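Working notes, beginning with the structure itself.
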Amino acid sequence: MSYFDANFDEKSFKKELNRVVKLHLKKAAAYKLGEPLAIIEAKCAIALSETEEFHKALIESLTEEEQHDTSFYSCNYFHTMEGCTGEKIMNAWNAGKKDKAIDMYKHPLSY
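And the structure:
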């Protein structure tokens, strides 16, 4: 089963998360030490690796309709969490505003 299948499972998410984090670290290593792009890639890898608890809560919060829309939680997840929106979401999450963080993911245009 793949993370991108209609039936989510945590093991496949962790496998995909590890793959994406390693990809960012590999990209960071390809640049010279201290180059801005190397720093950006490394920060992205670290930030993504810290989203596991948020992702679990997001999955638990999905409605029946949302669960059947795999692009909602899987195809767009890494893209969303790698960008500025992901940073805002994780800032809210880490500040203890867990419901707001989930709502920010589900309704990014509202924020």
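Each number in our numbering corresponds to the 1-based position in the sequence shown with 3 added. For every residue, glycine included, the Cβ atom is placed at its ideal position computed from N, Cα and C. Computed from a predicted structure; not experimentally measured.
Alpha carbon to alpha carbon, how far is residue j from residue i? Give it in angstroms, no decimals.
i: A152; j: Y108; result: Shown here, the chain extends from 4 to 114; a query on residue 152 therefore has no answer.
i: P111; j: L36; result: 34 Å
i: E56; j: N97; result: 10 Å
i: K29; j: I43; result: 12 Å
i: A95; j: E69; result: 22 Å
Quick check on this structure: which residue in the options has the alpha carbon closest to the alpha carbon of residue i?
i: E13; options: G89, E63 and W96; result: E63
i: S15; options: S77, S52, E56 and G99; result: S77
i: Y114; options: T88, E53 and M84; result: T88
i: T83; options: K101, T54, G99 and K18; result: T54
i: K101; options: H58, P39, K18 and A50; result: H58
i: N21; options: A50, E90 and G86; result: A50
Which residues in the same chain as residue i place their Cβ atom closer than 6 Å to its Cβ, once the five residues preceding and following it in sequence are excluded?
i: F81; result: V23
Under 7 Å between the Cβ atoms of residue i and residue j?
i: C47; j: H71; result: no
i: L61; j: I92; result: no
i: Y34; j: A41; result: yes
By Cβ distance below 7 Å, which residues in the same chain neighbour residue i in space, the five residues on each side in sequence not counted?
i: L65; result: Y76
i: K103; result: A95
Keeping to the same chain, check which residues put their C-beta closer than 8 Å to that of residue i; ignore five residues upstream and five downstream.
i: E67; result: none
i: S52; result: L20 and V24
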